[in-house]
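To start, the structure itself, in structure tokens.
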Amino acid sequence: MLNYVRYLKSDLYKLYHSSFFVIHLLIPTSGVAMLLLFAVISNSDTPAKLAAFCQFIAIAFPFIISMVCFMLVEQEAKAGHFQNILCLPGRKAVLLSKLTILLASGLFSVLLTSTSFSILFPLVSEAAEIPIGFYTLIPLVLWGSHLFLYCFHLLIAFRFGKNVGIGLGGLGSLLAALLYTGLGSGLWFVVPYGWGIHFSMYALQSLLGVIPSDLAEFRLGFVFSALFTCAIIVTLPVWFSRYNGNRASD
């Protein structure tokens, strides 16, 4: 526990001098501005605008995750080509420290985005009624459905570096959009990049009192996401304990 606290303080200090935390403030701010602009110029009704919010965040999430995971790992590469963490006792505490920062920052950003949007949206959209659960349920679902990707992209960042990690994140965002179309029917629940957009839309429909037509796929998606997330939570520390600091060249 003492090692974990010490590593957490060290990671926070190193990231304080980077743009890591600035990005977690800048992206929600710019995202809310874009979504409010869409709300102003769009003739869609309130449910459609709220759906656009969920879809926009869910599609952007994979790319953002890949970017912040790379930034976190790059701090270790610059500090001595990973020798600092390779020589430390208790690698699991090192990994837990980094996951704590990633997950806490991600939760903060998505809560900031949803809260800011919920407060400002009624000011720019007439007769806008936002369900109270939109402030809490939607961001928690969006964040929770991307836990697997945080772990996965952290592994990718350590092993393969910038080009593969961020490239895969961009591809993941594209997949998230495609899996919400007819192309993803019967398939999305086994692809982690499709979980966020589908789960957040299910949550929104529930808040609006709409019964989803494909509950069977939702249940399958929940089962697969739980299994995949538990699996990577178990395997990531095992892999990290054997990590030797080598990664594919960028």
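Numbers 0 to 249, taken from numbering that gives the first Met the number 0, label the letters of the sequence shown in order. We put the CB at the ideal spot given by N, CA and C, even for glycine. Every value quoted in this text rests on a predicted model; they were computed, and no experiment measured them.
Original post:
Which ranges would you report for the alpha helix (DSSP H) in the region 149–233 if only whole runs of at least 4 residues count?
Top reply: Counting only unbroken stretches of 4 or more residues, the alpha helix (DSSP H) elements lying wholly within the region 149–233 are 161–177 and 194–206, in sequence order.
Subject >> Beta-carbon contacts of residue 192 that lie in its chain and below 6 Å, excluding the five residues immediately before and after >> reply: 61, 171, 174 and 175
Original post:
In whole angstroms, what is the alpha-carbon distance linking residue 96 and residue 145?
Top reply: 18 Å
Original post:
Given residue 249, which residues of its chain have a CB within under 7 Å of its CB, disregarding the five upstream and five downstream residues?
Top reply: Confidence in residue 249 is poor, its pLDDT being 49 and thus under 50, which makes the residue's placement unreliable; the coordinate value appears in the next sentence. The answer, listed in chain order, is 160, 161 and 162.
Original post:
Using the rule of at least 16 other Cβ atoms within 10 Å of the residue's Cβ for burial, across every protein chain shown, is residue 152 buried or exposed?
Top reply: buried
Subject >> Alpha-carbon to alpha-carbon, residue 121 and residue 228 >> reply: 36 Å
Subject >> Cβ-heavy atom distance, residue 148 to the ligand MN, below 7 Å >> reply: Here there are no bound small molecules, and the ligand MN is not part of this structure.
**OP:** Inspect the CB distances between the region 206–224 and the region 122–136 and report whether three or more fall short of 8 Å.
**Re:** These segments touch.
**OP:** Label residue 202 either buried or exposed according to how many other C-beta atoms from any shown protein chain fall within 10 Å of its C-beta, with 16 as the threshold for buried.
**Re:** Burial check for residue 202: the Cβ neighbour count within 10 Å reaches 16 or more, so the residue is buried.
**OP:** State whether the region 66–76 contacts the region 1–18, with contact taken as three or more CB pairs (one from each stretch) at a distance under 8 Å.
**Re:** yes
Subject >> Interface flag, residue 139 vs chain D, CB-CB below 8 Å >> reply: The structure shown contains no chain D; it is built from a single protein chain.
**OP:** Alpha carbon to alpha carbon, how far is residue 35 from residue 57? Give it in angstroms, no decimals.
**Re:** Rounded to the nearest angstrom, the two C-alpha atoms are 17 Å apart.
**OP:** Verify whether the separation of the beta carbon atoms of residue 147 and residue 231 is less than 8 Å.
**Re:** yes
Subject >> Beta-carbon contacts of residue 219 that lie in its chain and below 6 Å, excluding the five residues immediately before and after >> reply: 188
Original post:
To the nearest whole angstrom, what separates the beta carbons of residue 165 and residue 65, a pair I think is in contact under 8 Å?
Top reply: 5 Å
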